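To convert, note that position 70 of the sequence shown is 70 in UniProt numbering; the numbers rise steadily by one, no gaps.
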Amino acid sequence: MISLVDTYNYLQQNNNFEVVFIAVDSRKKEIRYGRRIIEVEPSKHFEELFSCMPWTAIPLSDITARKHVQQRFGISDVYHNAIVIGTNGEILQTNSCTIFETYGGQGYPFTDAKILSLKSQDDTIAKNPSLEALLASPERDYVISNKGDKVPIHTLEEKVVALYFYEDGSCGQLTEKLKMAYKELAKKKENFEVVLIYLYDTICTDDRTDEGSFWEKFKTMPWLALPYRDPNYRKLLRLFCFPREDSLCFTTTLVIVGPRGEFIEPWGACMLTSYNIEAFPFTREKVAHLLIEKMRKTENLKICKHAPS
Numbered sequence: 001m002i003s004l005v006d007t008y009n010y011l012q013q014n015n016n017f018e019v020v021f022i023a024v025d026s027r028k029k030e031i032r033y034g035r036r037i038i039e040v041e042p043s044k045h046f047e048e049l050f051s052c053m054p055w056t057a058i059p060l061s062d063i064t065a066r067k068h069v070q071q072r073f074g075i076s077d078v079y080h081n082a083i084v085i086g087t088n089g090e091i092l093q094t095n096s097c098t099i100f101e102t103y104g105g106q107g108y109p110f111t112d113a114k115i116l117s118l119k120s121q122d123d124t125i126a127k128n129p130s131l132e133a134l135l136a137s138p139e140r141d142y143v144i145s146n147k148g149d150k151v152p153i154h155t156l157e158e159k160v161v162a163l164y165f166y167e168d169g170s171c172g173q174l175t176e177k178l179k180m181a182y183k184e185l186a187k188k189k190e191n192f193e194v195v196l197i198y199l200y201d202t203i204c205t206d207d208r209t210d211e212g213s214f215w216e217k218f219k220t221m222p223w224l225a226l227p228y229r230d231p232n233y234r235k236l237l238r239l240f241c242f243p244r245e246d247s248l249c250f251t252t253t254l255v256i257v258g259p260r261g262e263f264i265e266p267w268g269a270c271m272l273t274s275y276n277i278e279a280f281p282f283t284r285e286k287v288a289h290l291l292i293e294k295m296r297k298t299e300n301l302k303i304c305k306h307a308p309s
């Protein structure tokens with residue numbers, strides 16, 4: 001539901017989008033508390049859910065209206081669904097949950113044509129990346145410091161920038177390593193910056209993060225951040241496929257963007273944890289060079305050991 005709340009709040013400024021909550025199952029609910037299973041009355045369950053929603057609803061008592069909608073759209077009693085209806089009554093999407101999760105409010109008006117347009121834009125950004133294209137939006141051309149200052153994105157274009165996809169509670173070691181690297185590279189006057197992308201709707205975070213936790217954690221970090229729950233958040237997630245299904249989280253949480261978008265390196269965390277700042281600017285070419293040097297040293301050591309005395 002977090003993605004739908006984000007979508008709703010983003011579009012409220014234009015007053016052109018509304019959500020109606022419809023409960024299709026009015027049976028008693030069984031909720032597990034530890035080893036206990038407690039039955040909850042439908043009305044109480046409805047009120048608890050609805051109290052967390054910023055939109056409207058068909059009253060639970062209006063059984064006729066609820067059943068009519070359910071039958072009209074063939075909605076299951078078991079699975080939740082979101083159907084998008086256009087201003088002319090046309091059904092635009094019959095299963096919109098994934099669209100809200102992937103595109104948020106930027107997917108409005110949620111037509112197939114709009115989604116195809118966004119996919120095309122994503123392809124263009126992937127082929128010609130830049131910090132402006134990745135981080136900026138029509139409403140915002142800056143990122144923020146932990147003091148609330150607005151830092152123009154264009155001032156970062158000549159730097160190596162690490163996008164830190166941070167999952168609260170699961171990235172402690174990487175955070176400390178990154179802090180050390182950030183400090184050491186600053187001493188060396190290297191053009192390096194980090195932008196925090198605070199994850200708030202993953203399996204590990206959706207029930208224990210809010211704007212307060214964002215600021216609490218951000219104030220312990222010396223770098224910049226994308227504003228909390230920014231609309232571009234979902235674009236970054238889909239562009240960099242976070243989290244990847246074929247790897248552990250820690251190898252995908254640091255995406256390196258080269259100066260003027262010269263390169264994109266999704267394995268920045270792996271490079272940092274393996275080679276520290278020696279891997280700067282965190283390119284595969286630099287890592288390959290480090291590996292070759294290591295192999296040469298190992299080979300020279302073997303030769304020295306077997307050399308005649």
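Heads up, the beta-carbon is just placed ideally off N, CA and C, and yes, glycines get one too. This structure is a prediction, so every number in the text was calculated from the model and none was measured.
For E190, the closest alpha carbon among the candidates Q173, V161 and G169 is that of V161. The beta carbons of Y10 and G148 sit no closer together than 9 Å. Taking each of L254, A279, G261 and S274 in turn and checking the Cα distance to W267, the smallest one comes out for L254. The segment 118-135 makes no contact with the segment 199-219; the number of CB pairs closer than 8 Å stays below 3. For E193, the enclosing beta strand (DSSP E) starts and ends at F192 to L199. Taking the CA atoms as reference points, C97 sits about 14 Å from I75. Contact check for V84 and F110: beta-carbon distance about 5 Å, within the 8 Å limit, so the pair qualifies. Cβ-Cβ distances below 8 Å link K159 to N191, F192, E193 and P259 in the same chain, with the five nearest sequence neighbours on each side left out; the list follows chain order.
With 16 or more other Cβ atoms inside 10 Å of its own Cβ, N232 counts as buried. For I256 against E265, the beta-carbon gap comes to about 4 Å, under 8 Å, which counts as contact. K188 and Y182 have their alpha carbons spaced roughly 10 Å apart. Around the beta carbon of Q93, a 10 Å sphere encloses 16 or more other beta carbons of the protein chains shown; the residue is thus reported as buried. Three or more beta-carbon pairs separated by less than 8 Å link the segment 199-208 to the segment 166-176, which places the two stretches in contact. In the structure shown, the three-state DSSP call for A162 is strand. Across the set I153, W223 and S51, the C-alpha of I153 shows the shortest separation from the C-alpha of S137. Short of 7 Å from the beta carbon of D77, and not among the five residues preceding or following it, lie these beta carbons of its own chain, in chain order: V24 and D25.
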